[in-house]
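First to last, the protein sequences are chains A and B. Under this note's numbering, think of the first position of the first sequence as 110, with each following residue one higher. Under this note's numbering, think of the first position of the second sequence as 3, with each following residue one higher. Glycine included, every Cβ here is placed at the ideal spot set by N, Cα and C. Computed from a prediction, not measured in an experiment: that's the story for all the values here.
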Amino acid sequence: MARLLRDFEERIIKEIKESRLVRGELSITVREKLQKIIDEFSERWKQE
Amino acid sequence: MSEIQITVENIGAFDTQKTFTIKKGINLIKAPNAVGKTSLVKALELAILPDDELYDKGHYMHLFASDPLARAIIDIKIKDKIWSRKFRRSNGGLLSVGNPFYADGAKASIVCFAIPENKLINLMLSGESIKSYIEEFSDSRYYTLAIEFLRDERERSLQRLQYYRDRLFLLDELKERYKKEKEKLAELEKELKSLPLIDRKTLLQQKKITTEYEEKYRKISELRRTLGNLKGQLEEIDAEIKDLEDRIKSQHTLIKEIEKQHPIIDAEIEDIDKQLNSMERQLKGLIRDQGYIEDQLKIAREVVVKRQQYKDKICFACGRPLDPQFLARRIDHLTSRYTELGVEIKDLQGKIETLKASRHALEEKKQRLMSYKDILREYKSKLQEQERKKEQVEQKIAKLAKEKEKFEAEIKKLERHIDKQIKELLDRRTTLEVDVETQKSRIKTLQARIEELIEETKPAEKLEKRVLFLEAALDYLEKRSKEILTAIIKRFDERVNEIFNLLGFKEFQKIEIDDIDFRVHVYRTRGGQTIKWPLEALSTSERITLAVAFLIAGKQEYLPDFPFFVLDELVTSYDPTRFERLINYIAKVTDYVIVTALAPEEQKEMVIEYVRI
Chain A
110 MARLLRDFEE
120 RIIKEIKESR
130 LVRGELSITV
140 REKLQKIIDE
150 FSERWKQE
Chain B
3 MSEIQITVEN
13 IGAFDTQKTF
23 TIKKGINLIK
33 APNAVGKTSL
43 VKALELAILP
53 DDELYDKGHY
63 MHLFASDPLA
73 RAIIDIKIKD
83 KIWSRKFRRS
93 NGGLLSVGNP
103 FYADGAKASI
113 VCFAIPENKL
123 INLMLSGESI
133 KSYIEEFSDS
143 RYYTLAIEFL
153 RDERERSLQR
163 LQYYRDRLFL
173 LDELKERYKK
183 EKEKLAELEK
193 ELKSLPLIDR
203 KTLLQQKKIT
213 TEYEEKYRKI
223 SELRRTLGNL
233 KGQLEEIDAE
243 IKDLEDRIKS
253 QHTLIKEIEK
263 QHPIIDAEIE
273 DIDKQLNSME
283 RQLKGLIRDQ
293 GYIEDQLKIA
303 REVVVKRQQY
313 KDKICFACGR
323 PLDPQFLARR
333 IDHLTSRYTE
343 LGVEIKDLQG
353 KIETLKASRH
363 ALEEKKQRLM
373 SYKDILREYK
383 SKLQEQERKK
393 EQVEQKIAKL
403 AKEKEKFEAE
413 IKKLERHIDK
423 QIKELLDRRT
433 TLEVDVETQK
443 SRIKTLQARI
453 EELIEETKPA
463 EKLEKRVLFL
473 EAALDYLEKR
483 SKEILTAIIK
493 RFDERVNEIF
503 NLLGFKEFQK
513 IEIDDIDFRV
523 HVYRTRGGQT
533 IKWPLEALST
543 SERITLAVAF
553 LIAGKQEYLP
563 DFPFFVLDEL
573 VTSYDPTRFE
583 RLINYIAKVT
593 DYVIVTALAP
603 EEQKEMVIEY
613 VRI
């Protein structure tokens, strides 16, 4: 579990870091990407 | 790496190509005003900034010719390798060709350029929280954005989950009923089985039942069974209709509740947007005013420097005789106006933040309202479907009932001849057969509804896990964000105190960043007691020294490989002796230290003096 959360942290922070913010906020495209990451990790969380 | 050549063209004061040699150690750039000291420093900053920052930072625009086709060039030559970047104006920003000279240029521009525009220096001069500075060059701000996003996602998932939870509750109820109806069916079948069989021959002989009676009896039994089946279906449809009507009612209540609080939610949001736009315009105006005051302050400080260093008697800006008392008063007045404007800006920023939060809450309510309305639409369409089914079943029942009536009348006539006991037995059997059929139909309908609900609620499990994961992830990221900030603060505290000790600056016992409000404070010993002092209680010189120490600490911790550190004369002029020690210290930890210094007007040209450590 702890490893999964660390992986999630790494992925989500990397995605935000590499994205261009719109007036200091996340764009719709980035939000969609982040939702996909959450779906992927929720699935893995379920399996573990 | 000992010498670096920087070539600039078409930037600020350099309208033709100029090359400067920067050597390892301290590079003292001396020139009178408007000869290009600032342009050179800014060119170096432009060389490292990433493209998006270039586009956003409008305040660099004045360094470029207004002709959109004019190109500006910065070349940096290290040994035999030349790095080059070209710039030109575009709508509202700058466009560049060529990569930044340094990969982490955005951070380097904040940390390694101790110039009057530096964010940290300004925050510390006004005694404000330095959280935004810490966040800017650490990953902490990405954590803040991630946490906000995860909270929104959790809220949205919980709303969707609520709908599924209702349906799951209904599913449990139906499963329970299914079990009971099955038990009831088993009882009916048992009773039917226990009835004695009636021999047809005996019946015909004993009760003189004709073939006609037998046929009619069979027909009417069939009709009764079909009717029983239809009635069973009708009962289930009625139950579904009642359930849907209850749901529609509760959905209406939820919608009404929000609509009562916010009758025209879109208009409310629009109104907030208008207020926000007006406040943002007001904020821009205040920032512009503050910038103007800052420029005035810069000129006034420059006049003080000139007066101290070159004994000028006349102000270079307005040509009037220099009066030290007037100058001190003017600087005081400008500083207090600058601080006042800072307070107004902060106040307005606070109001903007509050409004943004209200807008966010309204948007959330709007989303919720829309989702309630979607669910309501779904329920209504299901209700219509069930009502259609009900009508069809009722029509069938009505048709069959008429037929049944006709047969019953005919059978009644024939029944007069049948033995009473046999008749009762036959009636019981028929009733039981009908009940069994009704029960079977009821169970079949129930089963169909259960299967439908199981299919419908399939995403619930996934959603439930998603919420659980989001909660765990939120908890984890909040802890990590706090850890990161605490670790950064700790590293800064240690490094800054170490720098102060190494430099022999003894005025503070300890320097610390508050881990709650992120303001810097110091501890001083007065009358044998150690007292905590806020930044506002320190002199300008002390605050600038602290800010530069924080910049050095940032460079040592986060950008040890960045080869430059720039110090502007307006920063160093407050306490030349103290800053000489600081510069020498920086030169030990940085390859190229660039310090700008004002030279007398007679000098005309820019001169670089090299000081090797």
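CB V616 (chain B) to CB A116 (chain B), shorter than 8 Å? With chain B covering only 3 through 615, there is no way to say anything about residue 616 (chain B).
I610 (chain B) versus Y594 (chain B): straight-line alpha-carbon distance, rounded: 13 Å
When the Cα of Q369 (chain B) is compared with those of B:E150, B:E155, B:Q19 and B:V597, which residue comes out closest? B:E155
Closest residue to S128 (chain B) among B:H523, B:L476 and B:Q327 (Cα-Cα distance): B:H523
Taking 7 Å as the limit between beta carbons, can you name the residues of its chain near K315 (chain B), skipping five residues before and five after? P323 and L324
Alpha carbons only, please: which of B:E247, B:E237 and B:M126 is nearest the one belonging to Q386 (chain B)? B:E247
If we count the other Cβ atoms within 10 Å of its Cβ and call it buried at 16 or more, is M110 (chain A) buried or exposed? exposed
So N35 (chain B) is in the alpha helix (DSSP H); what residue range does that whole segment cover? Note, N35 (chain B): premise wrong, no alpha helix (DSSP H); not H, not E.
Counting C-beta neighbours from all protein chains within 10 Å, is the total for F66 (chain B) 16 or more, i.e. buried, or is it exposed? buried
Spell out whether any CB of chain A is found under 8 Å from the CB atom of R468 (chain B). yes
Closer than 7 Å: is that where the CB of L553 (chain B) sits relative to any heavy atom of the ligand GDP? Here there are no bound small molecules, and the ligand GDP is not part of this structure.
Assumed close pair F502 (chain B), I518 (chain B) - CB separation to whole angstroms, cut-off 8 Å: Rounded, the Cβ-Cβ distance is 23 Å, inconsistent with contact.
With DSSP run on the structure shown, which of helix, strand or coil describes I266 (chain B)? coil
Give the interface partners of S151 (chain A) over in chain B, defined as CB-CB distance under 7 Å, in chain order. K467, R468 and F471
Spatial distance of L125 (chain B) from I136 (chain B) (CA atoms): 11 Å
Applying the 10 Å Cβ sphere with the 16-neighbour rule, what's the burial state of M608 (chain B)? buried
Secondary structure of T18 (chain B), DSSP reduced to three states: coil
Under three-state DSSP, which class holds L540 (chain B)? coil
I'd like to know if A475 (chain B) contacts chain A, where contact means its C-beta is closer than 8 Å to some C-beta of that chain. yes
For the pair the segment 433-449 of chain B and the segment 227-238 of chain B, tell me if three or more CB-CB distances fall below 8 Å. yes
Could you name the residues of chain A that A148 (chain B) contacts, counting a contact when the two beta carbons are closer than 7 Å? I121, I122 and I125
Nearest residue (CA-CA) to R497 (chain B), options B:I445, B:S575, B:F22 and B:G556: B:G556
Within the continuous beta strand (DSSP E) that includes K512 (chain B), where are the two ends? K512 to I515
Taking the alpha carbon of K192 (chain B) as the point to measure from, which residue in B:K382, B:E435, B:E604 and B:V591 has its own alpha carbon closest? B:E435
Inter-residue CB distance, L143 (chain A) and E119 (chain A) (contact presumed, cutoff 8 Å): No, L143 (chain A) and E119 (chain A) are not in contact; Cβ-Cβ is about 13 Å, not under 8 Å.
Helix or strand or just coil, what does DSSP make of G100 (chain B)? coil
Only counting the same chain, and skipping five residues up and downstream in sequence, which positions put a Cβ closer than 8 Å to that of K221 (chain B)? F409
Just list the residues that DSSP pairs T592 (chain B) with in beta bridges. According to DSSP, T592 (chain B) bridges with nothing at all.
Below 9 Å on C-beta distance, what does E157 (chain A) contact in chain B? In chain order: nothing, as chain B lies at least about 10 Å away.
Mind checking if D275 (chain B) is an interface residue toward chain A, Cβ cutoff 8 Å exclusive? no
Where does G287 (chain B) land, buried or exposed, given buried means 16+ other C-beta within 10 angstroms? exposed
Do you know whose CA, among B:H335, B:D275 and B:I8, lies nearest R303 (chain B)'s CA? B:H335
Interface flag, A482 (chain B) vs chain A, CB-CB below 8 Å: The identity of residue 482 (chain B) in the sequence shown is Arg, whereas the question assumes Ala. Yes, R482 (chain B) lies at the interface with chain A (some Cβ there is under 8 Å from its Cβ).
For my contact list, L448 (chain B) and R179 (chain B) are in at a C-beta cut-off of 8 Å; report their separation, rounded to the angstrom. 6 Å
Starting from D77 (chain B) and walking both ways along the beta strand (DSSP E), at which residues does that stretch end? A74 to I80
Just to check my reading of the structure: K155 (chain A) and K467 (chain B) have Cβ atoms closer than 8 Å, yes? What is that Cβ distance to the nearest angstrom? 4 Å
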